[in-house]
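Below you'll find the structure, written out as structure tokens, and then a few comments.
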Amino acid sequence: MCTDLESLPNSIVNLNLLSVLDCSGCAKLTEIPSNIGCLSLLRELSLSESGIVNLPECIAHLSSLELLDLSECKKLECIPRLPAFLKQLLAFDFQSITRVMSNSLIQFPSNSKEGGKFSFYFTNGQQLDPGARADIVDEARLRMTEEAYRSVFFCFPGSEVPHWFPFHGKGHSITIHTGSLNFCSDDRLIGFALCVVFQLPDTNDIKRRNRPFSYCLNYVSDYGKHILPNNDKLKYYFDWKNQMRELDQDHTFLWKYNLEFPEMSSMSRMLPRARSFTFEISPYSKDNILQPPSFKSTVRYFKSTVKVKKCGICPLYTKKKDDNNACAGDYSGSVRFSKNGIEEPSGSNVAWKEEDL
1 MCTDLESLPN SIVNLNLLSV LDCSGCAKLT EIPSNIGCLS LLRELSLSES GIVNLPECIA
61 HLSSLELLDL SECKKLECIP RLPAFLKQLL AFDFQSITRV MSNSLIQFPS NSKEGGKFSF
121 YFTNGQQLDP GARADIVDEA RLRMTEEAYR SVFFCFPGSE VPHWFPFHGK GHSITIHTGS
181 LNFCSDDRLI GFALCVVFQL PDTNDIKRRN RPFSYCLNYV SDYGKHILPN NDKLKYYFDW
241 KNQMRELDQD HTFLWKYNLE FPEMSSMSRM LPRARSFTFE ISPYSKDNIL QPPSFKSTVR
301 YFKSTVKVKK CGICPLYTKK KDDNNACAGD YSGSVRFSKN GIEEPSGSNV AWKEEDL
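If you count the sequence shown from 1, position 53 lands on 53 in the UniProt record's numbering, and the numbers rise without skipping.
Written out as structure tokens, the structure reads:
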């Protein structure tokens, strides 16, 4: 950390092999060179806790950039268009931000065994413009409905489940019945988009604001109840680089649960027999992996810490065969994607939900 650094020389672009540039903690650094987009091999750029006021538009042309850290940049007001192949944006405690530029440069990863990954962490943006929030929601939908992405995670200030979630409700649990999905015979269920809205707790106790959470996704079939593997997306959120993070306002969390990977191969064969799917948020415990806590114990926990305001679930499909095949029937209750674009959910399906907290 170089706290006295005030500027970067324009000649830095001559470092053709530079892969990591760490300017974190440089409080006197207010700008970076306008030609930084020429660093074609730069993979990581950290400007956290710096004095950066503006980022040049050419940052979108950093073709190899995978990680951009803007956390605690107290003077930066706008997140620019992001590089096409960025995998992770960190913007913790980004209180000065008002705008987020729409990412028209998104390039979806090619299909591979590993699958693409993308994470968007943006917290405590009290001044965020509603239009910017809408752009974040739209980008989340684009990435989650793209089959090439195996893992997608978004966190941003907000109090609502996105409009494209056909199933949502108040409280920490929601169940959908497969009879309400009405998907076509040539559709293949590839996963779910999951959402939870955390409400700011009515307490000044920081420890109560950052306790870990877990979630359970299960389905019921003629053979009983089956719990799907949990990747603990929420467990590690509040502990980042050994720093306990807290929320100062309501936040929306979105992530993709992918059914298309080897660990799910045996269970996936049973999914067509599912009668219902349940998504539930609960306090984290190692025991939750095999057995979720009771509803009453979860309610007691949430009332003493942070509250789950709302949650939602959105089935994700692809076509089994030809994307251009027409299919009769109602498409309500799902978001589908094809080479021709995304189809909006329709209809007025209402999901059954647990008692409100």
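Cβ atoms here follow ideal geometry from the backbone N, Cα and C, with glycine treated the same way.
Roughly how many angstroms lie between the CA atoms of residue i and residue j, to the nearest whole one?
{"i": "residue 214", "j": "residue 83", "result": "31 Å"}
{"i": "residue 347", "j": "residue 258", "result": "The pLDDT assigned to residue 347 is 31, lower than 50, so where the model puts this residue is not dependable, and the model offers no usable value."}
{"i": "residue 69", "j": "residue 223", "result": "47 Å"}
{"i": "residue 148", "j": "residue 197", "result": "26 Å"}
{"i": "residue 3", "j": "residue 50", "result": "9 Å"}
{"i": "residue 220", "j": "residue 179", "result": "13 Å"}
{"i": "residue 44", "j": "residue 55", "result": "15 Å"}
{"i": "residue 192", "j": "residue 64", "result": "29 Å"}
{"i": "residue 9", "j": "residue 15", "result": "11 Å"}
{"i": "residue 94", "j": "residue 102", "result": "18 Å"}
{"i": "residue 62", "j": "residue 116", "result": "18 Å"}
{"i": "residue 67", "j": "residue 125", "result": "20 Å"}
{"i": "residue 170", "j": "residue 32", "result": "44 Å"}
{"i": "residue 161", "j": "residue 194", "result": "10 Å"}
{"i": "residue 315", "j": "residue 133", "result": "23 Å"}
{"i": "residue 26", "j": "residue 20", "result": "16 Å"}
{"i": "residue 81", "j": "residue 89", "result": "12 Å"}
{"i": "residue 146", "j": "residue 157", "result": "24 Å"}
{"i": "residue 252", "j": "residue 85", "result": "24 Å"}
{"i": "residue 155", "j": "residue 175", "result": "23 Å"}
{"i": "residue 163", "j": "residue 280", "result": "20 Å"}
{"i": "residue 227", "j": "residue 24", "result": "42 Å"}
{"i": "residue 331", "j": "residue 28", "result": "Note that residue 331 scores a pLDDT of 33, beneath 50, so its modelled location is shaky; the value from the coordinates is reported in the next line. So the two alpha carbons sit approximately 54 Å from each other."}
{"i": "residue 11", "j": "residue 246", "result": "39 Å"}
Residue j and residue i - do their beta-carbons sit closer together than 8 Å?
{"i": "residue 168", "j": "residue 312", "result": "yes"}
{"i": "residue 165", "j": "residue 120", "result": "no"}
{"i": "residue 91", "j": "residue 122", "result": "yes"}
{"i": "residue 18", "j": "residue 5", "result": "no"}
{"i": "residue 199", "j": "residue 248", "result": "no"}
{"i": "residue 59", "j": "residue 36", "result": "yes"}
{"i": "residue 98", "j": "residue 135", "result": "no"}
{"i": "residue 127", "j": "residue 159", "result": "no"}
Exposed or buried, what is residue i when buried is set at 16 or more other beta-carbons lying within 10 Å of its beta-carbon?
{"i": "residue 144", "result": "buried"}
{"i": "residue 100", "result": "buried"}
{"i": "residue 131", "result": "exposed"}
{"i": "residue 46", "result": "buried"}
{"i": "residue 308", "result": "buried"}
{"i": "residue 57", "result": "exposed"}
{"i": "residue 71", "result": "buried"}
{"i": "residue 282", "result": "buried"}
{"i": "residue 229", "result": "exposed"}
{"i": "residue 7", "result": "exposed"}
As a quick exercise: from the options, pick the residue whose alpha carbon is nearest that of residue i.
{"i": "residue 30", "options": "16, 74, 57", "result": "74"}
{"i": "residue 76", "options": "52, 280, 87", "result": "52"}
{"i": "residue 172", "options": "24, 310, 314", "result": "310"}
{"i": "residue 255", "options": "24, 246, 217", "result": "217"}
{"i": "residue 87", "options": "25, 135, 150", "result": "150"}
{"i": "residue 225", "options": "271, 159, 190", "result": "271"}
{"i": "residue 319", "options": "188, 129, 280", "result": "188"}
{"i": "residue 22", "options": "37, 11, 36, 48", "result": "48"}
{"i": "residue 190", "options": "280, 24, 227, 317", "result": "317"}
{"i": "residue 41", "options": "28, 24, 13, 34", "result": "13"}
Got a sec: is the Cβ-Cβ distance from residue i to anything in chain D below 8 Å?
{"i": "residue 195", "result": "Absent from the structure is chain D; it holds one protein chain and no more."}
Problem - Any 3 or more C-beta pairs closer than 8 Å across the stretch 269-276 and the stretch 135-145 - result: With contact defined as three or more Cβ pairs closer than 8 Å, the stretch 269-276 and the stretch 135-145 are not in contact.
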